[in-house]
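Asker: Here's a structure for you.
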């Protein structure tokens, strides 16, 4: 059974800092890995999706990497802003089935 | 496009009551999913559908039922509500299930069973 772990559980940084969120998974037989953003009272928004054959994806100030062999992914946020404050979820889809296996998330607070 | 919409936003149920959580998408997506998110936990898949008339169980299907009579709608039925079903329920959809495709999520329904 795929287990997804996110570290740290919570993070508070001053505006402008670069930061890294970590995700680890136990089964390397994955189809893809995604990073989502969740705002309070709202649904999830997909930020980046990395296919199993890819090593990284970038969108604006966000960069996500994938190392399947070690079962790790990182989400790098450059020049953080207060608007980045949210919970960030890592989700792994196995190479059989349709379910996304989610971590518990990292709650990020960026202070002005 | 409204995307994925869910109703109601919040509901309180008494133990043993039943209700249907509604989910509609206007993106003509074939795949639809129901997840639940318990406090401080990751989302878990309850049921999914790969097209109208086709549904299948996910990781935590007990106590729930689904139907998919149209492409747009994927209601989730709770029979005999229990406190363990207190959670936030998210509906999601995707065009297909390709490696490069993400799932689009609705805003969620918060359910409290007392």
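Residue numbers (the numbering used here), protein chains in the order written: chain A, 89 to 200; chain B, 1005 to 1118.
Glycine included, C-beta positions come from ideal geometry on N, C-alpha and C.
Measure the alpha-carbon distance for residue 1005 of chain B versus residue 1030 of chain B and round it to whole angstroms.
Answerer: 6 angstroms
Asker: Using a beta-carbon distance cut-off of less than 9 angstroms, what residues from the stretch 184-196 of chain A approach chain B?
Answerer: 185, 186, 187, 188, 189, 190, 191, 192 and 193
Asker: Determine whether the Cβ of residue 1106 of chain B lies closer than 8 angstroms to any Cβ atom of chain A.
Answerer: At least one chain A Cβ lies under 8 angstroms of residue 1106 of chain B.
Asker: Rounded to the nearest angstrom, what separates residue 187 of chain A and residue 1049 of chain B at their Cα positions?
Answerer: 6 angstroms
Asker: Give me the residue from A:90, A:194, A:171 and A:104 with the minimum Cα distance to residue 123 of chain A.
Answerer: A:194
Asker: So which of B:1099, B:1097, B:1108 and B:1084 has the shortest CA-CA distance to residue 1118 of chain B?
Answerer: Of the candidates B:1099, B:1097, B:1108 and B:1084, the residue whose Cα lies closest to the Cα of residue 1118 of chain B is B:1084.
Asker: Which same chain residues, not among the five before or five after residue 1007 of chain B, have their C-beta less than 8 angstroms away from its C-beta?
Answerer: 1029, 1030, 1031, 1108 and 1110
Asker: Let me see if you follow: with CB-CB separation under 8 angstroms, is residue 1045 of chain B close to chain A or not?
Answerer: yes
Asker: Residue 94 of chain A: buried (16+ other C-beta within 10 angstroms of its C-beta) or exposed?
Answerer: buried
Asker: May I have the straight-line CA-CA distance separating residue 184 of chain A from residue 141 of chain A, to the nearest angstrom?
Answerer: Their Cα atoms are separated by approximately 16 angstroms.
Asker: Once DSSP output is grouped into helix, strand and coil, what is the label at residue 102 of chain A?
Answerer: strand
Asker: Mapping DSSP to helix, strand and coil, what is residue 183 of chain A?
Answerer: coil
Asker: Can you pull the chain B residues whose beta carbon is under 7 angstroms from the beta carbon of residue 110 of chain A, in chain order?
Answerer: What residue 110 of chain A touches in chain B: nothing, since even the nearest Cβ is about 15 angstroms away.
Asker: Listing by chain order, which chain A residues have their CB less than 8 angstroms from the CB of residue 1052 of chain B?
Answerer: 186 and 187
Asker: Counting only C-beta atoms, is residue 1029 of chain B closer than 8 angstroms to chain A at any point?
Answerer: no
Asker: Quick check on residue 171 of chain A: does DSSP put it in helix, strand or coil?
Answerer: In the structure shown, residue 171 of chain A sits in a helix (DSSP, three-state: H, G or I).
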